[in-house]
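Residue numbers (my numbering): -2 to 324. Accompanying notes for the structure given below.
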């Protein structure tokens, strides 16, 4: 009897990985669930988070840009939440991993893991502290994103520009020609807000937190000269898990193949005659096949302070020209 009591204790003592994960499963018996075939994790009293919303559950909050969902379900003890500090454990594999994080999430952009897990799950830091959740491709969101969703904060800011790292500097990758931006593609960001040493993460976080009618001040290098400009803040319309073509402001959302998946009946695009299923083929003679190409073509108009004149669409094999950007 004594031996049967001591052996499990010795096993737990000399197997820290097993001990921490086993204790998590024992201490939080209802906090890990498979709902609609995907893992869900308790993050507050009767609140679970998952990558996407399950059917048949009452939804407390959903961020369409990140895909994160908070839904209601009974739970006796929600998980502790902490920062993503190594060593990290992958759940439900109960596997310890070092150096698993390639990048951290910010705004509507997920972080990236160094592996493609092939399934959805969670990262745990230390003993039983939820550090984030991930999808099968290795895209992940941390507890800051989850806490924001628990507070039902699903809005994201925008300044009608997209940023990237290019030649070691934060650069404007594309700019929306349909709104007051002040930024142009190719601008090298020297200063954003109060940040004199901008990083891509800092700039994206700053933009995400801006709200209309605020403006953000930028100092950029353009054509070899330094200049100061202001960009108006808007509520974000595209990006993350939502299409991001700059045409979303006209009431459309697109598939990766540029077919309209959703269209607002009150939008200019619908009133002009576009419908779900219509596919965008060309803008002023430039063929477009994906969101990035649409952004690049439209962004070019900011350099000319003009807009497109013709857009070619296809509906069930029939092609037609229609410009949805004005009535």
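Positions of the beta carbon are idealized from the N, C-alpha and C atoms, including for glycine.
Could you tell me which of the options sits nearest to residue i, measuring between CA atoms?
i	options	result
residue 42	74, 156 and 306	74
residue 111	129, 135, 102 and 128	135
residue 290	315, 240, 319 and 261	240
residue 76	120, 303 and 195	120
residue 222	187, 245 and 249	187
residue 113	105, 264, 133 and 107	133
residue 167	199, 179, 138 and 273	199
residue 143	67, 249, 226 and 305	67
residue 271	317, 88, 242 and 231	317
residue 138	212, 49 and 210	49
residue 315	28, 245 and 275	275
residue 283	259, 310, 268 and 266	310
residue 287	302, 264, 244 and 86	244
residue 224	189, 257 and 209	189
residue 367	302, 253, 40 and 264	Only positions -2 to 324 of the chain appear in this structure, which leaves residue 367 out of reach.
residue 102	197, 210 and 29	197
residue 140	207, 107 and 72	107
residue 273	258, 262 and 265	258
residue 242	129, 265 and 158	158
residue 85	207, 129 and 72	129
residue 47	92, 72 and 131	131
residue 253	169, 285 and 92	285
Using DSSP's beta-bridge definition, name the partner residues of residue i.
i	result
residue 201	In DSSP, residue 201 forms no bridge with anything.
residue 251	257
residue 244	Note: residue 244 sits in no beta bridge, so no partner.
residue 120	87 and 129
residue 26	DSSP output for residue 26 lists no bridge partner at all.
residue 227	214
residue 80	None, per the DSSP bridge assignment.
residue 167	162
residue 188	216
residue 109	100 and 136
residue 300	Note: residue 300 sits in no beta bridge, so no partner.
residue 93	86
residue 36	31
residue 284	279
residue 272	DSSP, once it has assigned bridges, lists no residue as partnering residue 272.
residue 44	41 and 69
residue 318	309
residue 59	66
residue 154	232
residue 291	Bridge partners of residue 291: none, in fact.
residue 222	219
If we call anything under 7 Å between Cβ atoms a contact, is residue i one with residue j?
i	j	result
residue 292	residue 229	no
residue 171	residue 296	yes
residue 236	residue 62	yes
residue 195	residue 298	no
residue 38	residue 147	no
residue 280	residue 249	no
residue 234	residue 255	no
residue 247	residue 305	no
residue 104	residue 27	no
residue 329	residue 213	No information on residue 329 is available, as it lies outside the stretch -2 to 324 that the chain covers here.
residue 109	residue 100	yes
residue 88	residue 115	no
residue 267	residue 260	yes
residue 70	residue 29	no
residue 209	residue 231	yes
Under 8 Å by Cβ, that's how I've got residue i and residue j pegged, so tell me the actual separation to the nearest angstrom.
i	j	result
residue 64	residue 313	Contact doesn't hold; Cβ gap of about 30 Å is too wide.
residue 179	residue 227	5 Å
residue 269	residue 319	6 Å
Segment contact flag, the stretch 180 to 190 with the stretch 88 to 97, C-beta cutoff 8 Å, min 3 pairs: no
The stretch 162 to 171 touching the stretch 144 to 151, judged by at least three CB pairs closer than 8 Å: no
At least three beta-carbon pairs within less than 8 Å, the stretch 65 to 84 to the stretch 203 to 220: no
Three CB pairs or more closer than 8 Å across the stretch 24 to 33 and the stretch 44 to 55: yes
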